[in-house]
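**Student:**
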Amino acid sequence: MDTINSLNPMDPEEEFKIFLQRLILNDQTLDNLDLYDSQIGVEGIEPLSEALKENQTLTNLKVTGKRFGDKGTQALSEALKVNQTLTRIGTL
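One point on numbering: in the working numbering, the residue at position 78 of the sequence shown is 235, and numbering is uninterrupted.
1. For Glu211 and Ile181, which I take to be in contact (beta-carbon distance under 8 Å), what is that distance rounded to the nearest angstrom?
2. Going by beta-carbon coordinates alone, are Leu233 and Ser195 separated by less than 7 Å?
3. By DSSP, does Gly229 sit in helix, in strand, or in coil?
4. Confirm, please, whether the CB-CB distance from Asn240 to Asn217 is below 7 Å.
5. With a CB to CB cut of under 7 Å and the five nearest residues on each side skipped, what residues in its chain are close to Glu235?
Pasting the structure below:
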């Protein structure tokens, strides 16, 4: 299984796009995502939330909510209502 820990500081936007593609395609090797120290904002959490609605492989997700505000928190909340594979989520 594969774990992604934060995003590459050299090109976090490109790495995030690749990660989203893996989520959307239900990459069987991706089961853990740690975005704890990332600079993900509402612009990132919204597409992440949409991908989580369809994803069936990710079991662990760690994010920090202080950068994506109420709108991002709502989007993530809606995704968690639908996602059936996440068993652990950590937020601050």
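Note that beta-carbon positions come from the ideal geometry of N, C-alpha and C, so glycine has one too.
**Tutor:** Here's the rundown:
1. 6 Å
2. no
3. In this structure, Gly229 counts as helix in the three-state DSSP scheme.
4. Cβ distance not < 7 Å, so Asn217 and Asn240 don't count as in contact.
5. For Glu235, where only same-chain residues beyond five positions count, the Cβ hits under 7 Å are Ser206.
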